[in-house]
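First residue of the sequence shown? That's 41 in our numbering, and the numbers climb one at a time after it.
Using N, Cα and C, we set each Cβ at its ideal position, and we do this for glycine too.
Fair warning: this is a prediction, and the values are worked out from it, not measured in the lab.
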Amino acid sequence: KLLRVQFVSNFLSNQNEVAEQFLSNARFSLRAASTASEKYEVAIGVSRSFAGNFAESLEPLEEWCNTVAAVEEEYMPSGPPFSPITHKLFEHWAVADLKFGPGNETLAECVEAMLKGAKPTKADQLALTLISNLTESRIGFYEVKKSGSKQAVLEDIVDGTSYQCDPLGRKGDLLLTRLLPDPDN
Numbered sequence: 041k042l043l044r045v046q047f048v049s050n051f052l053s054n055q056n057e058v059a060e061q062f063l064s065n066a067r068f069s070l071r072a073a074s075t076a077s078e079k080y081e082v083a084i085g086v087s088r089s090f091a092g093n094f095a096e097s098l099e100p101l102e103e104w105c106n107t108v109a110a111v112e113e114e115y116m117p118s119g120p121p122f123s124p125i126t127h128k129l130f131e132h133w134a135v136a137d138l139k140f141g142p143g144n145e146t147l148a149e150c151v152e153a154m155l156k157g158a159k160p161t162k163a164d165q166l167a168l169t170l171i172s173n174l175t176e177s178r179i180g181f182y183e184v185k186k187s188g189s190k191q192a193v194l195e196d197i198v199d200g201t202s203y204q205c206d207p208l209g210r211k212g213d214l215l216l217t218r219l220l221p222d223p224d225n
């Protein structure tokens, strides 16, 4: 991963003014987020907004925006037939999994490089943690092994790894989801 050419990431890592604007938007939006899920949604939303704002300046970001718009129309239609893919899962996929540009990078990887290049302050660490967690995660298939009012146990159906998480589904349910750590602990 570190050896491949990362055109967009390399360019963005030297854009301290752009990074400061991103962090300012993230800090403002994160103030209203109280749950881990809300904090990740802020990171996703600010990242998408960032891509849209710089699409005219960076051709690969324009490519990303065009691809997301086309795929969103195909898989997230506003009317029948409705997609089984949730809007939230689609947003996470678009930011953390969809690869684009000459470096075959994700938007989250590009944002992470930009934030690391700007040397974020301690106050900005939450935004960097959220983005880093997104880049290190993946969408997977999980079976709900135990489900309680305070916690659930999910098992990855590919490798059998078990994860404890917030309550999600009923025992025996199969879920297509992205598991992310609580950024606060």
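Tell me where the beta strand (DSSP E) around residue i begins and ends.
i, result
"Phe-181", "179–187"
Measure the alpha-carbon distance for residue i versus residue j and round it to whole angstroms.
i, j, result
"Ala-233", "Pro-207", "The shown model of the chain, from 41 to 225, leaves out residue 233, and the question about it has no answer."
"Gly-180", "Ala-66", "27 Å"
"Ala-134", "Thr-126", "12 Å"
"Gly-200", "Phe-94", "41 Å"
"Cys-105", "Leu-98", "11 Å"
"Asp-222", "Ser-87", "19 Å"
"Gln-61", "Gly-85", "14 Å"
"Val-111", "Phe-122", "14 Å"
"Asn-56", "Ala-153", "11 Å"
"Glu-78", "Glu-96", "29 Å"
Would residue i and residue j be called neighbours here (beta carbons separated by less than 8 Å)?
i, j, result
"Leu-147", "Leu-168", "no"
"Ala-83", "Ile-171", "yes"
"Val-108", "Leu-129", "no"
"Leu-63", "Leu-166", "no"
"Val-184", "Leu-174", "no"
"Phe-140", "Glu-103", "yes"
"Arg-218", "Ser-177", "yes"
"Val-158", "Ala-59", "Sequence inspection shows Ala at residue 158; the Val mentioned does not correspond to that position. Going by C-beta atoms, Ala-158 is nearer than 8 Å to Ala-59."
"Tyr-115", "Leu-220", "no"
"Pro-21", "Pro-100", "This structure gives no information on residue 21, because the portion of the chain shown stretches from 41 to 225."
Determine the DSSP secondary structure at residue i, reduced to helix, strand or coil.
i, result
"Thr-217", "strand"
"Gln-204", "strand"
"Ala-192", "strand"
"Phe-68", "helix"
"Phe-122", "coil"
"Asp-222", "coil"
"Asn-56", "helix"
Do you know whose CA, among the options, lies nearest residue i's CA?
i, options, result
"Leu-216", "His-132, Ile-171 and Asn-106", "His-132"
"Glu-149", "Tyr-182, Ala-91 and Ser-187", "Ala-91"
"Ser-89", "Asn-225, Gly-212 and Val-151", "Val-151"
"Asp-224", "Ser-189, Ala-136, Ala-73 and Lys-190", "Ala-73"
"Tyr-182", "Gly-212, Ser-189, Lys-190 and Ala-153", "Gly-212"
Check for me: the alpha helix (DSSP H) holding residue i runs from which residue to which?
i, result
"Gln-165", "165–176"
"Val-135", "127–136"
"Val-198", "Run containing Val-198: none; DSSP gives neither H nor E here."
"Ser-87", "76–94"
"Asn-106", "99–115"
"Glu-145", "Here Glu-145 belongs to no alpha helix (DSSP H), and DSSP marks it neither H nor E."
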